Each structure stands twice: as structure tokens, then as C-alpha cells.
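Have a look at the structure below, then the notes.
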Amino acid sequence: MKNMSKLLKQAQKMQSQVVKAQEELQRKEFEGTAGGGMVKVVVNGKNELTSIKINPEVVDPQDVEMLEDLIVAAHHNAMEKIKEATDSAFGSIQGGLGLPGL
198 MKNMSKLLKQ
208 AQKMQSQVVK
218 AQEELQRKEF
228 EGTAGGGMVK
238 VVVNGKNELT
248 SIKINPEVVD
258 PQDVEMLEDL
268 IVAAHHNAME
278 KIKEATDSAF
288 GSIQGGLGLP
298 GL
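Under my numbering, the residues of the sequence shown are numbered 198 to 299, in order.
This is the structure in C-alpha cells:
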């Protein structure tokens, strides 16, 4: 019984840490870039695209497809940063519980 009580306390602590980590991640912003910084996007922790900045030098009316590809690449870069931050935040929480397989 003593071990069960300890496990329950650890689970409650972990749940509290998860909620806190989720709230912190949602408040953060992640910048993704492409084309050597010619295209920048900002995505918040809720996975919402909040801004796009495009260097005028990359705007070529004859090659709109390249600009579209750069925007997609910058967005992908920002989403990778969100995933890394999420994995980092939740990995440390899971590690604190000490259960195999988590």
C-alpha cells in the first residue's frame, strides 16, 4: 500500500508538471526560416501561424512556386522547433517518474 500511495503522489506531480509544461509551450513563439532567412514564419505553441516575413529580394513574379516552397519550408522548420521543445519538456517529466516504457 505504501508503494501505491507513493506512485499516486508521483502521478499527481507528473500531471501537474504536464499541465504547466503545456501552458508554457502554448505561450511560446517559434520562428522558422528558409532560404537563408529570406522567409521567416512565426508559429505559436498552439500551432497557429501568427506571422510571415518575406524579404522583397525573394519575390520573383516569374517564380512564385519557389516562394511558395520557401514558405512551406519555413513553416516546417518552425513546427520542428515546436516538436523539439515539446519532446524536451515532456521527456524530462517522464524521466522523473522512473517507470520503464514511458
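For each residue, glycine too, the CB sits at the ideal point set by N, CA and C. If you're wondering where the values come from, they're calculated on a predicted model, not measured in any experiment.
Pair within 7 Å by beta-carbon distance, residue i and residue j
{"i": "Val261", "j": "Ile251", "result": "no"}
{"i": "Ala218", "j": "Ala286", "result": "yes"}
{"i": "Lys243", "j": "Gln223", "result": "yes"}
{"i": "Ile279", "j": "Phe227", "result": "yes"}
{"i": "Ala208", "j": "Val238", "result": "no"}
Contact belief for residue i with residue j at Cβ below 8 Å, rounded distance in angstroms
{"i": "Val240", "j": "His273", "result": "Contact doesn't hold; Cβ gap of about 10 Å is too wide."}
Buried versus exposed, by CB contacts within 10 Å (16 or more), residue i
{"i": "Gly229", "result": "buried"}
{"i": "Leu267", "result": "buried"}
{"i": "Val216", "result": "exposed"}
{"i": "Ile249", "result": "exposed"}
{"i": "Val269", "result": "exposed"}
{"i": "Val256", "result": "exposed"}
At 3 residues or longer, and completely inside the segment 227-289: list those beta strand (DSSP E) runs for me, N to C. Correct list: 236-241 and 246-251.
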